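*Asks:* Below you'll find the structure I mean.
Residue numbers (the numbering used here): 12 to 507.
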């Protein structure tokens, strides 16, 4: 619940500030800012897989009661992160001139701003990597309230700071510099909390190869996914900038960022489940994890499915209301493709997290190695033919292929049985979504007035919720929903 709330607030900040930023910066400067967001939000591209490895190994030590080994694990991971971060920063700075002058189609008037902004991003890499390891150590304790006390303000500031800076007419490099300073503060905050939760962390400083080696072996496979996963998520923006224009990136980024923000539910679940998978694997309780994973899939489909179907059906109207007629005309088809991909990706993150938590990160890495060259070819071809809609279609097709591979792997390894996945609850969930989608599409397809379409949705959404409660959820699911709702109302009451 805390992870979910922790991702809702940044999503709300993005929803409010993006239209203001697009108008204030212009589509080209906003395109550059969106690339900065990609770098700051994807520090795992430069990571050695050590952030996730730290969570995995520290959680395992906690599960086995081996608290004395934890300080060495964190120290070894942190030393490797900082050292490699400096190397990565120098490499990133070296490619900035090529990126600005040759790869991206940037107007001459913006070349200087773009170059300085990208140099600032390169300098921030070591700090982001250090923050990742420290956060990973904290997440192993499953105290997500403490982690979110820093993570949420950082993610909210990612959107609010540019808007505030724009109000003071700051230039783009200043905006990017402020975002980098936020990460400096985050790293300091995580370090302070680590000293609180691991009091012996700095009593003795020792970086031993015997401790670092298993972290690097596990993290090496994680690193492949950490590099290729975000790269396959955000590569489309760079290819759009190269084949079409940076302005086209500005038309692609808002719908992409908005729709992928709906992944906050599976994201919050997997952030919680990964250390649970790791510690429970150490304790040998896999049967419980299978049931937990299947129930999570059903919950994601019930909660996200209706929302994403509404986006697919009413994409043009949503964009016109949010960003105007120009965006609606140019981005609606892309948004529809992306919504379908987000639904698939939302259920795919669960077997992904299960494989990594139970010690098989090599499989997720190998899948990404298979997908990457196929995706690049598909992306280049479809962007050339369909523009930003082609980028969205390529991303969705890649996600679909990834989900098939992930579920095939967890079934093959017997982490989840076919019987569980094809169980009555999943079948009823799928049937309810198909019926809801078909009925929701009737009014738009028949060209009915907007008011009639809104009223139809107003009837169908509560009808879907009631149907799910009666026919899809079992007693344990209902108790879980009731508990979550109770905690939510209690939190709101305390806030007021």
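Note that beta-carbon positions come from the ideal geometry of N, C-alpha and C, so glycine has one too. These numbers were taken from a predicted model, which means no experiment stands behind them.
#1: With a threshold of 8 Å between beta-carbons, can residue 228 be considered close to chain C, or not?
#2: For residue 508 and residue 37, I'd like the C-alpha separation in whole angstroms.
#3: Counting only the same chain and skipping the five closest in sequence on each side, list residues whose C-beta sits under 8 Å from that of residue 314.
#4: Under 8 Å between the Cβ atoms of residue 218 and residue 328?
#5: Taking the alpha-carbon of residue 278 as reference, which of 299, 311, 264 and 57 has the nearest alpha-carbon?
#6: If you follow the alpha helix (DSSP H) that residue 458 is part of, which residue opens it and which one closes it?
#7: Can you tell me whether residue 45 is buried or exposed, with buried defined as 16 or more other CB within 10 angstroms of its CB?
#8: Kindly indicate the opening and closing residues of the alpha helix (DSSP H) around residue 86.
#9: Let me check understanding here. Comparing Cα to Cα, which of 101, 364 and 234 lies closest to residue 380?
#10: May I ask which residues mark the beginning and end of the alpha helix (DSSP H) holding residue 72?
#11: If you compare alpha carbons, which of 447, 301 and 486 is closest to residue 319?
#12: Looking only at its own chain, which residues have a Cβ that is under 6 Å from the Cβ of residue 414, when we skip the five neighbours before and after it?
#13: Whose C-beta lies closer than 6 Å to the C-beta of residue 350 among residues of the same chain, with five residues either side of it excluded?
#14: Could you give the distance in angstroms between the alpha-carbon of residue 164 and the alpha-carbon of residue 457?
#15: Go through its chain and collect everything with a Cβ distance to residue 506's Cβ below 7 Å, but skip five positions before and after it.
#16: What residues in its chain sit with their C-beta under 6 Å from that of residue 29, if we drop five residues either side in the sequence?
#17: Quick one: Cα of residue 215 to Cα of residue 94, how far?
#18: Please identify the residue among 339, 139, 80 and 190 whose C-alpha is closest to the C-alpha of residue 221.
#19: Just reading off the alpha helix (DSSP H) that residue 207 is part of, what are its end residues?
#20: Which value, in whole angstroms, describes the spacing of the CA atoms of residue 84 and residue 201?
#21: Within its chain, find whatever has a CB closer than 8 Å to the CB of residue 471; leave out the 5 residues flanking it on each side and keep chain order.
#22: I need the DSSP call for residue 272, collapsed to helix, strand or coil.
#23: According to the neighbour-count rule (16 or more other Cβ atoms, all chains shown, within 10 Å of its Cβ), is residue 138 buried or exposed?
#24: Could you tell me the distance, in whole angstroms, from the CA atom of residue 254 to the CA atom of residue 40?
#25: Quick check: the Cα distance between residue 108 and residue 251, rounded to an integer number of angstroms?
#26: Leaving aside the five residues before and after residue 503 along the sequence, list all residues of the same chain whose C-beta is less than 7 Å from its C-beta, in chain order.
#27: Tell me whether residue 459 is buried or exposed, calling it buried when 16 or more other Cβ atoms sit within 10 Å of its Cβ.
#28: With C-beta atoms as the reference, is residue 145 less than 8 Å away from residue 50?
#29: Using C-beta distances below 6 Å, list every residue in its chain close to residue 405, excluding the 5 sequence neighbours before and after it, in chain order.
#30: Have a look at residue 361 and residue 375 and give me their C-alpha separation to the nearest angstrom.
#31: Expressed to the nearest angstrom, what Euclidean distance is found between the alpha-carbon atoms of residue 34 and residue 348?
#32: So what's residue 404 in DSSP terms, helix, strand or just coil?
#33: Could you spell out where the alpha helix (DSSP H) holding residue 390 opens and where it closes?
#34: Which term fits residue 428, buried or exposed, when burial requires 16 or more other beta carbons within 10 angstroms of its beta carbon?
#35: Going by CA-CA distance only, name the one from 24, 58, 487 and 244 that's closest to residue 143.
#36: Which term fits residue 294, buried or exposed, when burial requires 16 or more other beta carbons within 10 angstroms of its beta carbon?
*Replies:* Inspection of the coordinates gives the following:
#1: Absence of chain C from the displayed structure is noted, only one protein chain being present.
#2: The chain is shown from 12 up to 507; residue 508 falls before or after that span and cannot be answered.
#3: Along the chain shown, read from residue 1 onward, the residue named residue 314 stands at position 303. These residues qualify, in order along the chain: 276.
#4: The sequence position of residue 218 within the chain shown is 207, counting from 1. The sequence position of residue 328 within the chain shown is 317, counting from 1. Contact: no.
#5: The count along the chain shown starts at 1 and reaches residue 278 at position 267. With distances taken between Cα atoms, residue 278 lies closest to 311.
#6: Start at 1 with the first residue of the chain shown, and residue 458 comes out as number 447. Looking at the DSSP string, residue 458 is not in any alpha helix (DSSP H), and its letter there is neither H nor E.
#7: By one-based count along the chain shown, residue 45 stands at place 34. Buried, by the Cβ-count rule.
#8: Taking the first residue of the chain shown as 1, we reach residue 86 at position 75. Element bounds for residue 86: 81-109.
#9: In the chain shown, residue 380 corresponds to position 369, counting from 1. Of the listed residues, the one whose Cα sits closest to residue 380 is 234.
#10: One-based indexing of the chain shown puts residue 72 at position 61. 61-75 is the extent of the alpha helix (DSSP H) around residue 72.
#11: The residue you call residue 319 lines up with position 308 of the chain shown. The shortest Cα separation from residue 319 among 447, 301 and 486 belongs to 447.
#12: Here the question's residue 414 lines up with position 403 in the chain shown. Within the same chain, and ignoring the five residues on either side of residue 414 in sequence, the residues whose Cβ sits closer than 6 Å to its Cβ are 355 and 359.
#13: Taking the chain shown and counting its residues from 1, the one referred to as residue 350 is at position 339. The answer, listed in chain order, is 270, 319, 322 and 323.
#14: Indexing the chain shown from 1 puts residue 164 at position 153. Indexing the chain shown from 1 puts residue 457 at position 446. Rounded to the nearest angstrom, the two C-alpha atoms are 45 Å apart.
#15: On the chain shown, residue 506 is found 495 positions in, with the first residue counted as 1. Per-residue confidence for residue 506 stands at a pLDDT of 39, beneath the threshold of 50, marking its modelled position as unreliable; no derived number is given.
#16: By 1-based counting over the chain shown, the position of residue 29 is 18. Cβ within range, chain order: 265.
#17: Sequence index remark: in the chain shown, residue 215 carries index 204 (1-based). Sequence index remark: in the chain shown, residue 94 carries index 83 (1-based). Computed Cα separation, rounded: 20 Å.
#18: For the purposes of this step, residue 221 is identified with residue 210 of the chain shown, where counting begins at 1. Checking every option, the nearest Cα to that of residue 221 belongs to 80.
#19: Position 196 of the chain shown holds residue 207. Per DSSP, residue 207 belongs to the alpha helix (DSSP H) from 183-208.
#20: Position 73 of the chain shown, counting from 1, holds the residue named residue 84. Position 190 of the chain shown, counting from 1, holds the residue named residue 201. Taking the straight line from one Cα to the other gives about 16 Å.
#21: Indexing the chain shown from 1 puts residue 471 at position 460. Cβ neighbours of residue 471 beyond the five flanking positions: 447, 450 and 451.
#22: Here residue 272 refers to the residue found at position 261 when the chain shown is read from its first residue. The answer is helix: DSSP assigns residue 272 an H, G or I state.
#23: The count along the chain shown starts at 1 and reaches residue 138 at position 127. Counting Cβ neighbours within 10 Å, residue 138 comes out buried, since at least 16 surround it.
#24: For the purposes of this step, residue 254 is taken as the residue at position 243 of the chain shown. For the purposes of this step, residue 40 is taken as the residue at position 29 of the chain shown. Distance between the alpha carbons of residue 254 and residue 40 is about 18 Å.
#25: Counting from one through the chain shown, the residue named residue 108 turns up at place 97. Counting from one through the chain shown, the residue named residue 251 turns up at place 240. Going from the Cα of residue 108 to the Cα of residue 251 covers about 19 Å.
#26: The residue you call residue 503 lines up with position 492 of the chain shown. Confidence at residue 503 is low in this model, with a pLDDT of 39, below 50, so the placement of that residue is unreliable and no value is reported for it.
#27: As a working note, residue 459 is residue 448 in the chain shown. So residue 459 ends up on the exposed side.
#28: Stepping through the chain shown from its first residue, residue 145 is reached at position 134. Stepping through the chain shown from its first residue, residue 50 is reached at position 39. The criterion of a C-beta distance shorter than 8 Å is not satisfied by residue 145 and residue 50.
#29: Here residue 405 refers to the residue found at position 394 when the chain shown is read from its first residue. Taken in chain order, the residues that qualify are 389, 390 and 393.
#30: Position 350 of the chain shown, counting from 1, holds the residue named residue 361. Position 364 of the chain shown, counting from 1, holds the residue named residue 375. The alpha-carbon atoms of residue 361 and residue 375 are separated by roughly 12 Å.
#31: Working through the chain shown from its first residue, we reach residue 34 at position 23. Working through the chain shown from its first residue, we reach residue 348 at position 337. Taking the straight line joining both Cα atoms gives about 25 Å.
#32: Here residue 404 corresponds to residue number 393 of the chain shown, with the count starting at 1. Correct three-state label for residue 404: helix.
#33: Residue 390 sits at position 379 when you count from the first residue of the chain shown. Segment 372-397, the alpha helix (DSSP H) holding residue 390.
#34: What you label residue 428 is simply residue 417 of the chain shown in a count that begins at 1. Result: exposed.
#35: In the chain shown, residue 143 corresponds to position 132, counting from 1. Closest option to residue 143, Cα to Cα, is 58.
#36: Numbered from its first residue, the chain shown carries residue 294 at position 283. The predicted model places residue 294 with a pLDDT of 48, which falls under 50 and marks its position as unreliable; any figure quoted below should be read in that light. So residue 294 ends up on the exposed side.
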